[in-house]
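Novice: A single structure is presented below for examination.
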Amino acid sequence: MILTPVPAAALDETLDRFMARLSDRFSRAVFRRIRETSPRRAAGAEAEQHRLAALSIAHGFGLAIHPEGMLCRFNWDGKALLGATEAYVILHEVAHFVLAPPERRGLVEFGLGPGPDTIDRVAAERAATLPLLEREADEAAASLLGIVWEAVLGQPALASFLDQNWLEGLDRSARRGMLNAVGAPVASIAPKRG
15 MILTPVPAAA LDETLDRFMA RLSDRFSRAV FRRIRETSPR RAAGAEAEQH RLAALSIAHG
75 FGLAIHPEGM LCRFNWDGKA LLGATEAYVI LHEVAHFVLA PPERRGLVEF GLGPGPDTID
135 RVAAERAATL PLLEREADEA AASLLGIVWE AVLGQPALAS FLDQNWLEGL DRSARRGMLN
195 AVGAPVASIA PKRG
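The opening position of the sequence shown corresponds to residue 15 in my numbering, with each subsequent residue numbered one higher.
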């Protein structure tokens with residue numbers, strides 16, 4: 015959910031301002047790749063193609079996927095991923111899996127507490143193992159990694175960048191530091207397009 019929507023007429027200028035605040039070549043290259051994608055979500059057959067590509071990434075990292083139609087109380091229940099959701103959600107959850115230490119991979123929602131789509135919020139909160147600030151840092155890293163994968167796959171990464179509030183606090187440089195901080199780990203595990 016976008017906290018502060020950016021009017022379409024102001025989007026290019028806002029993205030230019032974000033780019034100007036990035037301090038290193040790698041972060042600028044990553045952001046350029048994100049910016050080249052659509053700010054609008056795919057729909058219909060294209061959205062399904064994106065979902066299938068995201069599921070392929072999940073399988074590539076060894077994640078089990080719950081069967082279609084199964085009611086899942088969590089995006090990740092410690093054993094398998096909810097696959098009946100949007101591509102960007104799947105990629106975000108795969109990013110959590112990749113970034114989580116082995117001891118958190120078997121926990122509901124990776125031990126981070128409930129996410130926006132979690133049905134059993136009480137159980138997810140009980141399974142949380144990290145303090146709030148560490149959860150936020152983990153969420154930011156998974157957010158950015160999922161967005162980078164979307165860009166590499168030619169999916170609407172800019173839509174996720176906006177939805178996941180990477181422009182929030184732009185004038186205070188809040189996200190600039192976060193983007194720089196997680197840039198190197200993202201580069202090391204980004205899937206190669208081939």
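Beta carbons are placed, not taken as given, at the ideal position from N, Cα and C, and that holds for glycine.
How close, in whole Å, do the beta carbons of I16 and D177 come, if the pair is a contact with beta carbons under 8 Å?
Specialist: 6 Å
Novice: Hey, I79 and I161: beta-carbon distance below 8 Å or not?
Specialist: no
Novice: Taking the DSSP output, what are the residues bridged to A78?
Specialist: A94.
Novice: Just the Cα atoms here: how many angstroms apart are A142 and A59?
Specialist: For A142 and A59, the gap between their C-alpha atoms comes out near 36 Å.
Novice: Who are the near neighbours of A151 in its chain, counting only those whose CB is closer than 6 Å to its CB and skipping five residues on each side?
Specialist: none
Novice: Quick one: what's got a C-beta closer than 8 Å to A34's C-beta in the same chain, skipping five residues either side?
Specialist: There are no such residues.
Novice: With a Cβ-Cβ cutoff of 8 Å, do L158 and P53 count as a contact?
Specialist: no
Novice: For R42, which residues of its own chain have a beta-carbon under 7 Å away from its beta-carbon, when the five flanking residues on both sides are left out?
Specialist: M33, L36
Novice: Roughly how many angstroms lie between the CA atoms of E182 and R31, to the nearest whole one?
Specialist: Approximately 12 Å between the Cα atoms of the pair.
Novice: Mind checking V196: buried by the 16 CB within 10 Å criterion, or exposed?
Specialist: Residue confidence is low: V196 scores 48 on pLDDT, short of 50, so the model does not pin down where it sits. No coordinate-derived value is stated.
Novice: Looking at the unbroken alpha helix (DSSP H) that takes in W163, where does it start and where does it end?
Specialist: 146-166
Novice: Does the separation of the CB atoms of L144 and G125 fall below 8 Å?
Specialist: yes
Novice: Check for me: the alpha helix (DSSP H) holding I104 runs from which residue to which?
Specialist: 101-113
Novice: Give the DSSP-derived three-state secondary structure of G129 in the structure shown.
Specialist: coil
Novice: Using alpha carbons as the reference points, say which of L113, A72, A109, V122 lies closest to A98.
Specialist: By alpha-carbon distance to A98, the top candidate from L113, A72, A109, V122 is A72.
Novice: With DSSP collapsed to three states, give me the class of I203.
Specialist: Because the pLDDT at I203 is just 49, under 50, the model does not fix this residue reliably, and the value given afterwards should be weighed accordingly. I203 falls in the helix class under three-state DSSP.
Novice: Under 8 Å between the Cβ atoms of P130 and A138?
Specialist: no
Novice: Within 10 Å of its beta-carbon, does F75 have 16 or more other beta-carbons around it, so buried, or fewer, so exposed?
Specialist: exposed
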